[in-house]
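Novice:
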Amino acid sequence: MPYYRAVGELPPKRHTQFRQPDGSLYAEELVGQEGFSSDSSLLYHRHLPTAISASTQHFPTAAAPEPNHPLKPRHLRTHKLDGGGDPILDRQHLLSNADCRISYAMSTQASVLYRNNLGDECLYVEDGAARVETSFGVIDIVSGDYLIMPMSTIYRIVPTGDTPLRTLVVESTGHITPPKRYLSVRGQFLEHSPYCERDIRGPSEPLVVDGENVDVYVQHRGRGAATIWTKFTYAHHPFDVVGWDGHMYPWVFSIHDFEPITGRIHQPPPVHQTFQGPNFVICSFVPRKVDYHPDAIPVPYNHHNVDSDEVLFYTGGNYEARKGSGIEQGSISLHPSGFTHGPQPGAPERAIGADYFDELAVMVDTFRPLELCEGALACEDSGYAWTWNRTPDA
(Lines of atoms letter the chains of each structure in order from A and count residues from 1; the text may use other names and numbers.)
(Lines give C-alpha, C1' and ligand atoms only; values in the text may rest on other atoms or scores of the structure.)
Protein backbone atom coordinates (compact mmCIF):
# COMPACT_ATOMS: atom_id res chain seq x y z
CA MET A 1 0.00 0.00 0.00
CA PRO A 2 1.40 3.44 -0.76
CA TYR A 3 1.36 4.84 2.76
CA TYR A 4 2.55 3.88 6.22
CA ARG A 5 0.23 2.54 8.92
CA ALA A 6 0.92 1.51 12.54
CA VAL A 7 -1.52 -0.56 14.63
CA GLY A 8 -1.31 -1.80 18.23
CA GLU A 9 1.75 -2.04 20.47
CA LEU A 10 5.20 -1.43 18.98
CA PRO A 11 8.72 -0.97 20.36
CA PRO A 12 10.45 2.35 19.59
CA LYS A 13 13.01 0.69 17.31
CA ARG A 14 12.72 -2.18 14.81
CA HIS A 15 14.47 -5.50 15.48
CA THR A 16 15.16 -4.71 19.12
CA GLN A 17 13.98 -6.37 22.32
CA PHE A 18 10.22 -6.15 22.77
CA ARG A 19 9.03 -8.16 25.76
CA GLN A 20 5.69 -9.60 26.79
CA PRO A 21 4.27 -9.09 30.31
CA ASP A 22 5.89 -12.39 31.41
CA GLY A 23 9.32 -11.19 30.24
CA SER A 24 9.56 -13.35 27.10
CA LEU A 25 10.24 -11.81 23.71
CA TYR A 26 7.51 -11.14 21.22
CA ALA A 27 8.30 -12.95 17.96
CA GLU A 28 8.94 -10.70 14.96
CA GLU A 29 7.61 -11.57 11.50
CA LEU A 30 8.70 -9.40 8.58
CA VAL A 31 6.29 -9.82 5.66
CA GLY A 32 7.76 -8.27 2.54
CA GLN A 33 7.86 -8.25 -1.23
CA GLU A 34 10.74 -8.71 -3.66
CA GLY A 35 13.23 -10.11 -1.20
CA PHE A 36 13.60 -7.22 1.28
CA SER A 37 13.61 -4.69 -1.61
CA SER A 38 10.00 -3.44 -1.67
CA ASP A 39 6.97 -2.85 0.57
CA SER A 40 6.86 -4.72 3.88
CA SER A 41 5.27 -4.80 7.31
CA LEU A 42 6.69 -5.96 10.63
CA LEU A 43 4.35 -7.98 12.89
CA TYR A 44 4.84 -8.88 16.57
CA HIS A 45 3.42 -12.27 17.61
CA ARG A 46 2.82 -13.69 21.09
CA HIS A 47 3.93 -17.11 19.76
CA LEU A 48 6.34 -18.26 17.07
CA PRO A 49 4.73 -17.84 13.61
CA THR A 50 7.01 -20.66 12.42
CA ALA A 51 5.65 -23.36 14.75
CA ILE A 52 3.57 -25.96 12.91
CA SER A 53 2.56 -29.37 14.20
CA ALA A 54 1.34 -30.96 10.94
CA SER A 55 1.41 -30.52 7.16
CA THR A 56 -0.97 -32.48 4.93
CA GLN A 57 -2.05 -32.35 1.31
CA HIS A 58 -5.37 -30.77 0.39
CA PHE A 59 -7.15 -31.49 -2.89
CA PRO A 60 -9.61 -28.74 -3.91
CA THR A 61 -11.96 -29.07 -6.87
CA ALA A 62 -9.87 -28.67 -10.01
CA ALA A 63 -10.49 -25.55 -12.12
CA ALA A 64 -9.85 -27.51 -15.38
CA PRO A 65 -9.86 -24.53 -17.78
CA GLU A 66 -10.36 -25.00 -21.50
CA PRO A 67 -9.76 -22.60 -24.42
CA ASN A 68 -12.47 -20.22 -25.63
CA HIS A 69 -12.95 -22.32 -28.74
CA PRO A 70 -14.59 -21.76 -31.08
CA LEU A 71 -13.75 -18.11 -30.40
CA LYS A 72 -16.83 -16.08 -29.48
CA PRO A 73 -18.10 -13.58 -26.90
CA ARG A 74 -19.62 -15.14 -23.80
CA HIS A 75 -22.31 -14.14 -21.30
CA LEU A 76 -22.15 -15.73 -17.85
CA ARG A 77 -25.11 -15.50 -15.46
CA THR A 78 -23.46 -15.83 -12.08
CA HIS A 79 -26.76 -15.82 -10.17
CA LYS A 80 -27.53 -19.20 -11.79
CA LEU A 81 -24.61 -20.81 -9.94
CA ASP A 82 -25.03 -22.84 -6.78
CA GLY A 83 -24.06 -21.11 -3.57
CA GLY A 84 -24.29 -21.10 0.19
CA GLY A 85 -20.92 -22.63 1.05
CA ASP A 86 -17.47 -21.50 2.12
CA PRO A 87 -16.53 -18.06 0.64
CA ILE A 88 -13.04 -19.38 -0.17
CA LEU A 89 -13.10 -23.15 -0.68
CA ASP A 90 -16.39 -23.03 -2.62
CA ARG A 91 -15.49 -20.28 -5.07
CA GLN A 92 -16.87 -21.03 -8.54
CA HIS A 93 -13.97 -20.57 -10.97
CA LEU A 94 -15.03 -18.86 -14.20
CA LEU A 95 -12.08 -17.59 -16.25
CA SER A 96 -8.31 -17.96 -15.95
CA ASN A 97 -4.95 -17.52 -17.62
CA ALA A 98 -1.34 -17.56 -16.44
CA ASP A 99 -1.72 -14.15 -14.73
CA CYS A 100 -5.05 -14.30 -12.92
CA ARG A 101 -8.18 -16.29 -12.18
CA ILE A 102 -11.67 -14.81 -11.92
CA SER A 103 -14.18 -16.54 -9.64
CA TYR A 104 -17.58 -15.95 -8.07
CA ALA A 105 -18.93 -16.97 -4.67
CA MET A 106 -22.34 -16.79 -3.02
CA SER A 107 -21.76 -17.65 0.64
CA THR A 108 -23.65 -17.93 3.89
CA GLN A 109 -21.09 -19.58 6.20
CA ALA A 110 -17.70 -18.61 7.60
CA SER A 111 -14.64 -19.66 5.63
CA VAL A 112 -11.65 -21.66 6.70
CA LEU A 113 -8.42 -19.87 7.58
CA TYR A 114 -6.61 -19.36 4.28
CA ARG A 115 -3.36 -18.08 2.82
CA ASN A 116 -2.86 -17.48 -0.92
CA ASN A 117 0.85 -17.75 -1.59
CA LEU A 118 0.42 -17.31 -5.36
CA GLY A 119 -0.32 -13.58 -5.30
CA ASP A 120 -2.62 -10.79 -4.16
CA GLU A 121 -6.40 -11.11 -4.31
CA CYS A 122 -9.05 -8.51 -5.13
CA LEU A 123 -12.51 -9.29 -3.76
CA TYR A 124 -15.42 -7.14 -4.94
CA VAL A 125 -18.62 -7.32 -2.87
CA GLU A 126 -21.67 -7.40 -5.14
CA ASP A 127 -24.09 -7.85 -2.25
CA GLY A 128 -24.11 -8.64 1.45
CA ALA A 129 -21.59 -7.89 4.15
CA ALA A 130 -18.80 -9.69 5.99
CA ARG A 131 -16.23 -9.44 8.73
CA VAL A 132 -12.77 -10.25 7.35
CA GLU A 133 -10.40 -11.46 10.06
CA THR A 134 -6.67 -11.26 9.28
CA SER A 135 -3.27 -11.37 10.95
CA PHE A 136 -3.33 -7.55 10.71
CA GLY A 137 -6.73 -7.13 12.35
CA VAL A 138 -10.36 -6.96 11.23
CA ILE A 139 -11.90 -5.19 8.23
CA ASP A 140 -15.65 -5.01 7.67
CA ILE A 141 -16.78 -5.10 4.03
CA VAL A 142 -20.13 -4.22 2.47
CA SER A 143 -21.71 -4.01 -0.97
CA GLY A 144 -19.52 -2.01 -3.36
CA ASP A 145 -16.26 -2.60 -1.50
CA TYR A 146 -13.05 -3.77 -3.11
CA LEU A 147 -10.85 -5.69 -0.67
CA ILE A 148 -7.18 -5.99 -1.65
CA MET A 149 -5.65 -8.93 0.22
CA PRO A 150 -1.83 -9.03 0.03
CA MET A 151 -0.14 -12.25 -0.98
CA SER A 152 0.40 -14.76 1.83
CA THR A 153 -1.82 -12.98 4.38
CA ILE A 154 -3.70 -15.43 6.60
CA TYR A 155 -7.39 -14.51 6.66
CA ARG A 156 -10.93 -15.77 6.85
CA ILE A 157 -14.29 -14.36 5.75
CA VAL A 158 -17.33 -14.37 8.05
CA PRO A 159 -20.57 -13.32 6.27
CA THR A 160 -22.78 -11.04 8.36
CA GLY A 161 -26.24 -9.57 7.90
CA ASP A 162 -29.43 -11.04 6.49
CA THR A 163 -28.45 -11.65 2.85
CA PRO A 164 -25.87 -14.03 1.34
CA LEU A 165 -22.44 -12.62 0.61
CA ARG A 166 -21.86 -12.36 -3.15
CA THR A 167 -18.27 -11.69 -4.24
CA LEU A 168 -16.34 -11.46 -7.48
CA VAL A 169 -12.75 -12.59 -6.86
CA VAL A 170 -9.66 -11.84 -8.93
CA GLU A 171 -6.71 -13.99 -7.86
CA SER A 172 -3.41 -12.66 -9.16
CA THR A 173 -0.03 -14.30 -9.66
CA GLY A 174 1.62 -11.08 -8.49
CA HIS A 175 0.69 -7.84 -6.76
CA ILE A 176 -2.41 -5.66 -7.20
CA THR A 177 -1.81 -1.93 -6.68
CA PRO A 178 -3.23 1.45 -7.62
CA PRO A 179 -2.11 2.44 -11.14
CA LYS A 180 1.40 3.87 -11.13
CA ARG A 181 0.26 6.98 -13.00
CA TYR A 182 -1.86 7.93 -9.96
CA LEU A 183 1.12 7.89 -7.57
CA SER A 184 4.09 10.13 -6.88
CA VAL A 185 7.62 8.71 -6.74
CA ARG A 186 7.11 8.41 -2.95
CA GLY A 187 3.74 6.65 -3.29
CA GLN A 188 1.34 9.52 -2.55
CA PHE A 189 -1.85 9.72 -4.62
CA LEU A 190 -1.59 12.59 -7.09
CA GLU A 191 -4.20 15.29 -7.66
CA HIS A 192 -5.52 13.73 -10.89
CA SER A 193 -6.20 10.38 -9.21
CA PRO A 194 -9.91 9.40 -8.99
CA TYR A 195 -9.40 8.33 -5.35
CA CYS A 196 -6.91 9.01 -2.57
CA GLU A 197 -5.73 7.94 0.89
CA ARG A 198 -8.84 9.33 2.61
CA ASP A 199 -10.96 6.81 0.70
CA ILE A 200 -8.99 3.78 1.94
CA ARG A 201 -9.75 1.69 5.02
CA GLY A 202 -7.40 -0.70 6.75
CA PRO A 203 -7.27 -2.58 10.07
CA SER A 204 -7.35 -0.16 13.00
CA GLU A 205 -6.60 -2.46 15.95
CA PRO A 206 -5.05 -5.88 16.54
CA LEU A 207 -7.03 -9.11 16.52
CA VAL A 208 -5.75 -11.50 19.20
CA VAL A 209 -7.29 -14.99 19.23
CA ASP A 210 -6.27 -17.86 21.50
CA GLY A 211 -6.11 -21.39 20.21
CA GLU A 212 -3.87 -24.38 19.60
CA ASN A 213 -3.48 -26.77 16.66
CA VAL A 214 -5.24 -24.43 14.21
CA ASP A 215 -5.61 -25.43 10.53
CA VAL A 216 -4.71 -23.00 7.74
CA TYR A 217 -5.25 -23.86 4.06
CA VAL A 218 -2.43 -22.63 1.82
CA GLN A 219 -2.55 -22.30 -1.96
CA HIS A 220 0.93 -22.34 -3.47
CA ARG A 221 2.95 -23.25 -6.54
CA GLY A 222 3.87 -26.78 -7.48
CA ARG A 223 5.75 -28.22 -10.41
CA GLY A 224 5.88 -25.74 -13.26
CA ALA A 225 2.79 -23.53 -13.22
CA ALA A 226 0.65 -26.03 -11.33
CA THR A 227 -1.28 -24.87 -8.26
CA ILE A 228 -1.31 -27.14 -5.23
CA TRP A 229 -2.70 -26.83 -1.72
CA THR A 230 -1.36 -27.77 1.71
CA LYS A 231 -3.13 -27.72 5.06
CA PHE A 232 -0.79 -26.53 7.81
CA THR A 233 -1.67 -27.08 11.45
CA TYR A 234 -0.21 -24.23 13.48
CA ALA A 235 0.80 -24.89 17.09
CA HIS A 236 -0.88 -21.60 18.09
CA HIS A 237 -3.55 -19.49 16.46
CA PRO A 238 -1.92 -17.22 13.83
CA PHE A 239 -4.12 -14.33 14.96
CA ASP A 240 -1.88 -13.49 17.92
CA VAL A 241 -0.36 -10.22 16.65
CA VAL A 242 -0.28 -7.45 19.25
CA GLY A 243 1.05 -4.79 16.88
CA TRP A 244 2.46 -4.13 13.41
CA ASP A 245 3.58 -1.33 11.16
CA GLY A 246 4.52 -0.87 7.53
CA HIS A 247 3.18 -0.42 4.02
CA MET A 248 1.88 -3.92 3.26
CA TYR A 249 -1.54 -4.82 4.69
CA PRO A 250 -5.14 -5.60 3.63
CA TRP A 251 -7.09 -2.54 2.54
CA VAL A 252 -10.55 -1.62 1.29
CA PHE A 253 -11.74 0.92 -1.26
CA SER A 254 -15.42 1.44 -2.10
CA ILE A 255 -16.48 1.71 -5.74
CA HIS A 256 -18.88 4.43 -4.52
CA ASP A 257 -15.84 6.62 -3.69
CA PHE A 258 -14.44 6.41 -7.23
CA GLU A 259 -14.66 9.89 -8.80
CA PRO A 260 -15.41 9.46 -12.53
CA ILE A 261 -13.42 11.33 -15.16
CA THR A 262 -15.70 12.68 -17.90
CA GLY A 263 -15.31 14.72 -21.06
CA ARG A 264 -17.11 16.40 -23.97
CA ILE A 265 -16.89 13.21 -26.03
CA HIS A 266 -16.83 9.55 -25.02
CA GLN A 267 -13.90 8.71 -22.74
CA PRO A 268 -11.98 5.42 -23.22
CA PRO A 269 -11.85 2.75 -20.48
CA PRO A 270 -8.41 3.78 -19.05
CA VAL A 271 -10.13 6.74 -17.32
CA HIS A 272 -12.02 4.14 -15.27
CA GLN A 273 -8.90 2.23 -14.18
CA THR A 274 -8.82 1.52 -10.45
CA PHE A 275 -6.06 -1.10 -9.97
CA GLN A 276 -3.30 -2.78 -11.91
CA GLY A 277 -1.90 -6.31 -11.66
CA PRO A 278 0.55 -8.40 -13.67
CA ASN A 279 -0.77 -8.27 -17.24
CA PHE A 280 -4.26 -7.11 -16.24
CA VAL A 281 -6.14 -4.03 -15.03
CA ILE A 282 -9.34 -3.56 -13.01
CA CYS A 283 -11.68 -0.67 -13.81
CA SER A 284 -14.80 0.81 -12.17
CA PHE A 285 -17.78 2.12 -14.14
CA VAL A 286 -19.89 4.27 -11.80
CA PRO A 287 -22.91 6.58 -12.09
CA ARG A 288 -21.67 9.70 -13.88
CA LYS A 289 -22.43 12.67 -16.06
CA VAL A 290 -21.85 11.61 -19.66
CA ASP A 291 -20.45 13.34 -22.73
CA TYR A 292 -21.58 16.94 -23.19
CA HIS A 293 -20.47 17.81 -26.74
CA PRO A 294 -23.67 18.83 -28.61
CA ASP A 295 -23.17 15.97 -31.09
CA ALA A 296 -21.88 13.40 -28.58
CA ILE A 297 -22.87 9.72 -28.65
CA PRO A 298 -22.58 8.73 -24.97
CA VAL A 299 -22.39 4.93 -25.33
CA PRO A 300 -19.09 3.27 -26.36
CA TYR A 301 -18.11 2.99 -30.00
CA ASN A 302 -17.37 -0.41 -31.54
CA HIS A 303 -13.84 -1.39 -30.61
CA HIS A 304 -11.37 -4.22 -31.02
CA ASN A 305 -8.69 -4.42 -28.35
CA VAL A 306 -6.11 -6.51 -30.19
CA ASP A 307 -3.99 -7.15 -27.08
CA SER A 308 -6.62 -7.95 -24.46
CA ASP A 309 -9.69 -9.90 -23.39
CA GLU A 310 -12.37 -7.72 -21.75
CA VAL A 311 -14.45 -9.00 -18.83
CA LEU A 312 -17.30 -6.83 -17.54
CA PHE A 313 -19.22 -7.67 -14.35
CA TYR A 314 -22.57 -5.86 -14.16
CA THR A 315 -23.32 -5.08 -10.54
CA GLY A 316 -25.96 -2.33 -10.43
CA GLY A 317 -28.01 0.27 -12.31
CA ASN A 318 -28.99 0.25 -15.97
CA TYR A 319 -26.72 -0.77 -18.83
CA GLU A 320 -27.70 1.43 -21.76
CA ALA A 321 -25.13 0.01 -24.18
CA ARG A 322 -26.23 -3.60 -23.50
CA LYS A 323 -30.03 -3.21 -23.63
CA GLY A 324 -31.47 -6.09 -25.63
CA SER A 325 -28.55 -8.46 -25.05
CA GLY A 326 -29.89 -10.29 -21.99
CA ILE A 327 -27.40 -8.67 -19.61
CA GLU A 328 -28.77 -8.46 -16.06
CA GLN A 329 -27.66 -8.01 -12.45
CA GLY A 330 -24.74 -10.37 -11.81
CA SER A 331 -23.97 -10.93 -15.49
CA ILE A 332 -20.42 -11.23 -16.77
CA SER A 333 -19.58 -10.57 -20.42
CA LEU A 334 -16.36 -11.83 -21.99
CA HIS A 335 -15.32 -10.08 -25.20
CA PRO A 336 -12.12 -11.78 -26.37
CA SER A 337 -9.29 -10.43 -28.44
CA GLY A 338 -10.04 -11.28 -32.06
CA PHE A 339 -13.67 -10.13 -31.75
CA THR A 340 -14.95 -6.60 -32.41
CA HIS A 341 -17.55 -5.62 -29.83
CA GLY A 342 -19.64 -2.61 -28.98
CA PRO A 343 -23.13 -1.40 -28.07
CA GLN A 344 -26.22 -3.37 -28.96
CA PRO A 345 -28.15 -2.42 -32.12
CA GLY A 346 -30.09 0.80 -31.55
CA ALA A 347 -28.16 1.80 -28.39
CA PRO A 348 -26.13 4.65 -29.98
CA GLU A 349 -29.27 6.33 -31.34
CA ARG A 350 -31.17 5.86 -28.07
CA ALA A 351 -28.33 7.37 -26.04
CA ILE A 352 -28.15 10.67 -27.95
CA GLY A 353 -29.20 13.47 -25.64
CA ALA A 354 -28.61 11.54 -22.40
CA ASP A 355 -26.74 13.51 -19.76
CA TYR A 356 -26.34 10.87 -17.02
CA PHE A 357 -25.77 7.11 -16.84
CA ASP A 358 -26.80 5.21 -13.72
CA GLU A 359 -24.63 2.12 -14.06
CA LEU A 360 -22.26 0.17 -11.85
CA ALA A 361 -19.82 -2.36 -13.28
CA VAL A 362 -16.37 -3.84 -12.64
CA MET A 363 -14.13 -4.51 -15.63
CA VAL A 364 -11.08 -6.78 -15.81
CA ASP A 365 -8.93 -6.44 -18.94
CA THR A 366 -6.32 -9.17 -19.33
CA PHE A 367 -3.41 -9.08 -21.76
CA ARG A 368 -3.33 -12.81 -22.29
CA PRO A 369 -6.31 -14.88 -23.48
CA LEU A 370 -8.69 -16.18 -20.85
CA GLU A 371 -9.82 -19.78 -20.74
CA LEU A 372 -13.19 -21.04 -19.53
CA CYS A 373 -13.48 -22.90 -16.23
CA GLU A 374 -16.25 -25.26 -15.19
CA GLY A 375 -18.25 -22.53 -13.45
CA ALA A 376 -18.42 -20.45 -16.65
CA LEU A 377 -19.71 -23.35 -18.71
CA ALA A 378 -22.35 -24.08 -16.04
CA CYS A 379 -23.95 -20.61 -16.24
CA GLU A 380 -23.37 -19.52 -19.85
CA ASP A 381 -26.10 -17.89 -21.93
CA SER A 382 -25.32 -19.70 -25.17
CA GLY A 383 -27.24 -17.23 -27.36
CA TYR A 384 -25.28 -14.12 -26.38
CA ALA A 385 -22.82 -14.18 -29.29
CA TRP A 386 -25.61 -13.60 -31.80
CA THR A 387 -27.35 -10.67 -30.06
CA TRP A 388 -25.73 -8.06 -32.30
CA ASN A 389 -27.71 -9.64 -35.16
CA ARG A 390 -31.02 -8.64 -33.61
CA THR A 391 -33.06 -5.66 -34.71
CA PRO A 392 -33.04 -2.68 -32.27
CA ASP A 393 -36.51 -3.54 -30.91
CA ALA A 394 -35.90 -7.29 -30.54
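Residue numbers (full-length UniProt numbering): 1 to 394.
Glycine is no exception: its CB is placed at the ideal position from the N, C-alpha and C atoms.
Pick helix, strand or coil for residue 315, following the three-state DSSP scheme.
Specialist: strand
Novice: Taking DSSP as the reference, what is the three-state secondary structure of residue 22?
Specialist: Taken through DSSP and simplified to helix, strand or coil, residue 22 comes out as coil.
Novice: Could you work out which residue in 79, 30 and 77 is closest to residue 45 when comparing CA atoms only?
Specialist: 30
Novice: Fully enclosed by the UniProt domain "Homogentisate 1,2-dioxygenase C-terminal" (280 to 389), which beta strand (DSSP E) runs are 3 residues long or longer?
Specialist: 280 to 285, 309 to 317, 331 to 335 and 359 to 366
Novice: Classify residue 321: buried if its beta carbon has 16 or more other beta carbons within 10 angstroms, exposed otherwise.
Specialist: buried
Novice: Have a look at residue 259 and residue 196 and give me their C-alpha separation to the nearest angstrom.
Specialist: 10 Å
Novice: Would the segment 263 to 270 and the segment 321 to 340 be scored as touching if the rule is three or more Cβ pairs under 8 Å?
Specialist: no
Novice: For residue 314, count the other beta carbons within 10 Å of its own beta carbon; 16 or more makes it buried, fewer makes it exposed. Which is it?
Specialist: buried
Novice: Quick one: what does DSSP say residue 271 is sitting in, helix, strand or coil?
Specialist: helix
Novice: Would you say residue 286 and residue 351 are within 8 Å of each other, going by their C-beta atoms?
Specialist: no
Novice: Please look up how many angstroms separate the CB atoms of residue 216 and residue 238, rounded, as I've assumed it's under 8 Å.
Specialist: The Cβ separation is near 6 Å, so the contact holds.
Novice: Would you mind reading off the limits of the beta strand (DSSP E) that contains residue 145?
Specialist: 145 to 149
Novice: Any idea which residues DSSP pairs residue 104 with across the strands?
Specialist: Paired residue(s): 92 and 168.
Novice: Between the Cα of residue 97 and those of 65, 115 and 119, spot the shortest distance and give me the residue it belongs to.
Specialist: 65
Novice: How would you write the range of the beta strand (DSSP E) that residue 64 sits in, first residue to last?
Specialist: Per DSSP, residue 64 belongs to no beta strand (DSSP E) and is neither H nor E.
Novice: Could you pull out every residue in the same chain whose Cβ sits closer than 6 Å to the Cβ of residue 188, ignoring the five residues on either side in sequence?
Specialist: none
Novice: Give a yes or no on whether the C-beta atoms belonging to residue 170 and residue 122 are separated by under 8 Å.
Specialist: yes
Novice: Name the residue from 60, 134 and 87 whose alpha carbon lies nearest to the alpha carbon of residue 128.
Specialist: 87
Novice: Determine the contact status of residue 381 and residue 75, defining contact as a CB-CB distance below 8 Å.
Specialist: yes
Novice: Counting only beta-carbon atoms, is residue 240 nearer than 8 Å to chain C?
Specialist: Within the model displayed, chain C is absent; a lone protein chain is all it includes.
Novice: Tell me whether the beta-carbon of residue 156 lies closer than 8 Å to the beta-carbon of residue 112.
Specialist: yes
Novice: For residue 22 and residue 47, I'd like the C-alpha separation in whole angstroms.
Specialist: 13 Å
Novice: Using the Cβ count rule (16 or more neighbours within 10 Å means buried), how would you classify residue 236?
Specialist: buried
Novice: Which residue's Cα is closest to the Cα of residue 163: 107, 379, 246 and 68?
Specialist: Closest option to residue 163, Cα to Cα, is 107.
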